[in-house]
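Encoded as structure tokens, the structure appears first; notes follow it.
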Amino acid sequence: MTSGRWEQLQGKSFLESNARTRAIGLVDSGSFTELAGPRHRLTSPHLPLMGEAVEFDDGIVTGVGLLGKKPLFIASQEGRFIGGSVGEVHGAKLVNIVRLARESFDKMLEANPDLPEEKRPAVVISFETGGVRLHEANSGLLAHAEVMDQFQDCQGKVSIIAIIGSRVGCFGGMGFVAAAADAIIMSQFGRLGLTGPEVIEEEMGRDEFDASDRALVYRTTGGRHKYIMGDCNCLVKDTIAAFREALQDVLNKPYSRISAMRRIGSLENVTRQLRQVSLCSELSPKDSKDVWRYAGNENPDDLADVDFDTFLKTARRLVLNDLEV
Amino acid sequence: MAKQLHELNFEFKAETPVKFPYEFLHYGVVGSGDMEAIMEKKEQNGLVTIRVVTPVTGFDNVWQLVLQRFVDETGIADASIDINDNNATPVVVSLRLRQALTEIAGGAA
Chain A
128 MTSGRWEQLQ
138 GKSFLESNAR
148 TRAIGLVDSG
158 SFTELAGPRH
168 RLTSPHLPLM
178 GEAVEFDDGI
188 VTGVGLLGKK
198 PLFIASQEGR
208 FIGGSVGEVH
218 GAKLVNIVRL
228 ARESFDKMLE
238 ANPDLPEEKR
248 PAVVISFETG
258 GVRLHEANSG
268 LLAHAEVMDQ
278 FQDCQGKVSI
288 IAIIGSRVGC
298 FGGMGFVAAA
308 ADAIIMSQFG
318 RLGLTGPEVI
328 EEEMGRDEFD
338 ASDRALVYRT
348 TGGRHKYIMG
358 DCNCLVKDTI
368 AAFREALQDV
378 LNKPYSRISA
388 MRRIGSLENV
398 TRQLRQVSLC
408 SELSPKDSKD
418 VWRYAGNENP
428 DDLADVDFDT
438 FLKTARRLVL
448 NDLEV
Chain B
32 MAKQLHELNF
42 EFKAETPVKF
52 PYEFLHYGVV
62 GSGDMEAIME
72 KKEQNGLVTI
82 RVVTPVTGFD
92 NVWQLVLQRF
102 VDETGIADAS
112 IDINDNNATP
122 VVVSLRLRQA
132 LTEIAGGAA
């Protein structure tokens, strides 16, 4: 990839970019090397038996690149291939890129005990997935558990950054996985949740959740709502360059500050989550706007519609410090 | 077994052959109604071998025609092409194969 083309990628919409483009564009120009890529033809062993089309990368791009001096281990999911779902090969690639990052860190530290922060490896996952691939659900589920295991092993060593701004969003089991990352960067078009809107509607009925109401879907699962709730750390514009810049901002911080951005994994974080739960039972919100108002936004109706810059300037984020658990 | 993926194998020889200049290229995403292709250099006396993996049955002749046309118009020779298809229409197949070649000409690695 020549630098001219890399420059062009930076201005591209993140939402419209495929998995490989995102992976190449997030790291420094010309530094991306794909591992276990299409060349190796690691297709799903299960799909052919069901007459389902296969893909040479099984819907995920994995590789390494550089961000300044920092080695980045990247996984980027492709939503257009079976909804970015996690099958056996897809999952194995994801698990092993995280493992590779940690093992590289261990080796680097062994070779240089004074390894500077700026050279410490990090994992970046660009999520675009509905979770488990139902055609190979057992191995898909297992992969979810294994990724979480790897995340746990990375604690104190390698930062894990989740990036969510693609069409499918990040749902199902992978919603849990993203929530377990150190930091989450989203665009307003990114969506994050556990049970996806369509599934809620199917299970609980349209009165509970109307999945065809895009405004409702976005203000419940979308980047703006997640930003106000503190479920994501940064909200950025929908370009590859904007995500890359936010990634740089986060990864320039020392490791301890990055891991302080987590949502789970400490007593403090759990207490905060419990406060959120008790707030929900007190407030019994009928709509996310009720919570926005509670957070100090006087005109929550406007907040869903204002342009992005105004939103970032005016939106007040939920603070839960003074709530009793 | 009712449903299975099918593998089709073709061999072509262009009328005015142009040697395939790249070691390896990959293009496309196997979305619904879409496909991906890997093209690789392979010395085989000017032949192009194409393997298609697809859930679709009964269109072998259409594949033959579409691929023959691609080979004739581009003159691609001494290459091996691997296609993963997911119900792409003939128009999409032609388009993606052409895009693969122009993409690389545009400077992709």
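Taken in order, these protein sequences are the chains called A and B.
So for the first sequence, our numbering puts the first residue at 128; every next one is plus one.
So for the second sequence, our numbering puts the first residue at 32; every next one is plus one.
Glycine included, each C-beta is placed from N, C-alpha and C at the ideal position.
Keep in mind the model is a prediction, meaning the values are calculated, not measured.
Whole-number beta carbon distance between isoleucine 288 of chain A and valine 461 of chain A, since they are thought to touch under 8 Å: Because chain A is modelled from 128 through 452, residue 461 of chain A falls outside the range shown and cannot be assessed.
How would you label isoleucine 391 of chain A, buried or exposed, when you count the other beta carbons within 10 angstroms and need 16 or more for buried? exposed
Mind listing the chain A neighbours of lysine 34 of chain B? Cutoff is C-beta to C-beta under 9 Å, in chain order. Leu176, Met177, Gly178, Glu179
For glutamate 182 of chain A, return the contacting residues in chain B, with the cut-off set at a CB-CB distance below 8 Å. Val60, Val61, Glu67, Asn115
Which residues in the same chain have their Cβ closer than 8 Å to the Cβ of glycine 197 of chain A, if we skip the five residues on either side of it in sequence? Per the sequence shown, the amino acid found at residue 197 of chain A is lysine instead of glycine. Excluding sequence neighbours, lysine 197 of chain A sits near Glu245, Lys246, Arg247, Pro248, Ala249, Leu378.
Counting only Cβ pairs nearer than 8 Å, list the residues of chain B close to arginine 505 of chain A. The first residue shown for chain A is 128 and the last is 452, placing residue 505 of chain A beyond what the model contains.
If the criterion is Cβ atoms closer than 9 Å, does the pair asparagine 40 of chain B and isoleucine 81 of chain B meet it? yes
Mind listing which residues of the stretch 327 to 342 of chain A have their C-beta closer than 8 Å to chain B's C-betas, in chain order? none
Three Cβ pairs or more, each shorter than 8 Å: is that satisfied between the stretch 233 to 243 of chain A and the stretch 172 to 185 of chain A? With the cut-off at 8 Å, the stretch 233 to 243 of chain A and the stretch 172 to 185 of chain A do not touch.
In whole angstroms, give me the CA-to-CA distance for alanine 387 of chain A and aspartate 309 of chain A. 8 Å
List, in order along the chain, the chain B residues whose C-beta lies closer than 9 Å to that of arginine 260 of chain A? Within chain B, no residue comes near arginine 260 of chain A; the closest Cβ sits about 13 Å away, beyond 9 Å.
Ignore the nearest five residues each way along the sequence and tell me which others in methionine 128 of chain A's own chain have a CB closer than 7 Å to its CB. Residue confidence for methionine 128 of chain A is low, a pLDDT of 48 falling below 50, so the modelled location carries little weight and cannot support an answer.
With DSSP as the reference, label alanine 140 of chain B as helix, strand or coil. Unreliable placement is indicated for alanine 140 of chain B, whose pLDDT of 40 sits below 50; the coordinate value is still reported in the next sentence. Coil, per DSSP.
Determine whether the Cβ of valine 84 of chain B lies closer than 9 Å to any Cβ atom of chain A. yes
Looking only at its own chain, which residues have a Cβ that is under 7 Å from the Cβ of arginine 226 of chain A, when we skip the five neighbours before and after it? Gln277
Enclosing beta strand (DSSP E) for histidine 57 of chain B [first to last residue]: Counting along the chain, the beta strand (DSSP E) containing histidine 57 of chain B begins and ends at 55 to 59.
Taking buried to mean at least 16 other C-beta atoms within 10 Å of its own C-beta, is glutamate 46 of chain B buried or exposed? exposed
Per DSSP, what kind of secondary structure is lysine 89 of chain A in: helix, strand or coil? Residue 89 of chain A is absent from the model: chain A starts at 128 and stops at 452.
Listed by chain order, chain A residues near phenylalanine 55 of chain B by CB distance under 7 Å: Arg166
Under 8 Å between beta-carbons, which chain B residues line up against asparagine 145 of chain A? List them in chain order, please. Residues of chain B passing the Cβ test: Val60.
Grab me the residues of leucine 119 of chain B's own chain with a C-beta within less than 8 Å of its C-beta, minus the 5 sequence neighbours each way, in chain order. The sequence given here places alanine at residue 119 of chain B; leucine does not occur at that position. Gly64, Asp65, Met66, Arg127.
Counting only the same chain and skipping the five closest in sequence on each side, list residues whose C-beta sits under 6 Å from that of arginine 371 of chain A. Result list for arginine 371 of chain A: Leu153, in chain order.
Once DSSP output is grouped into helix, strand and coil, what is the label at isoleucine 391 of chain A? In the structure shown, isoleucine 391 of chain A sits in coil (DSSP, three-state: anything other than H, G, I, E or B).
Would you say the beta carbon of alanine 249 of chain A comes nearer than 8 Å to a heavy atom of the ligand GDP? With respect to small molecules bound, the structure shown includes none, and the ligand GDP cannot be examined in it.
Going straight from the alpha carbon of alanine 373 of chain A to that of phenylalanine 438 of chain A, what length do you get? Put simply, the backbone Cα of alanine 373 of chain A is about 17 Å away from that of phenylalanine 438 of chain A.
Can you look up leucine 362 of chain A in the DSSP assignment and give me helix, strand or coil? strand
So, with DSSP's three-state summary, where would you put leucine 128 of chain B? helix
Can you tell me the Cα-Cα spacing of leucine 162 of chain A and threonine 189 of chain A, whole angstroms? 6 Å
Give the range of the alpha helix (DSSP H) segment to which leucine 199 of chain A is assigned. Unbroken run through leucine 199 of chain A is the beta strand (DSSP E), 197 to 204; no alpha helix (DSSP H).
Look at the alpha carbon of glutamate 425 of chain A and the alpha carbon of valine 83 of chain B, and state the distance between them as a whole number of angstroms. 59 Å
C-alpha gap between aspartate 429 of chain A and glutamine 279 of chain A, whole angstroms: 40 Å
Alpha carbon to alpha carbon, how far is aspartate 340 of chain A from glutamine 95 of chain B? Give it in angstroms, no decimals. 45 Å
Verify whether the separation of the beta carbon atoms of aspartate 365 of chain A and phenylalanine 316 of chain A is less than 9 Å. yes
Is the CB of leucine 126 of chain B under 9 Å away from at least one CB in chain A? no
Only counting the same chain, and skipping five residues up and downstream in sequence, which positions put a Cβ closer than 6 Å to that of glycine 350 of chain A? Met313, Ser314, Gln315, Gly317, Leu362
Have a look at the DSSP bridge pairing and note the partners of methionine 301 of chain A. Paired residue(s): none; methionine 301 of chain A is not in a bridge.
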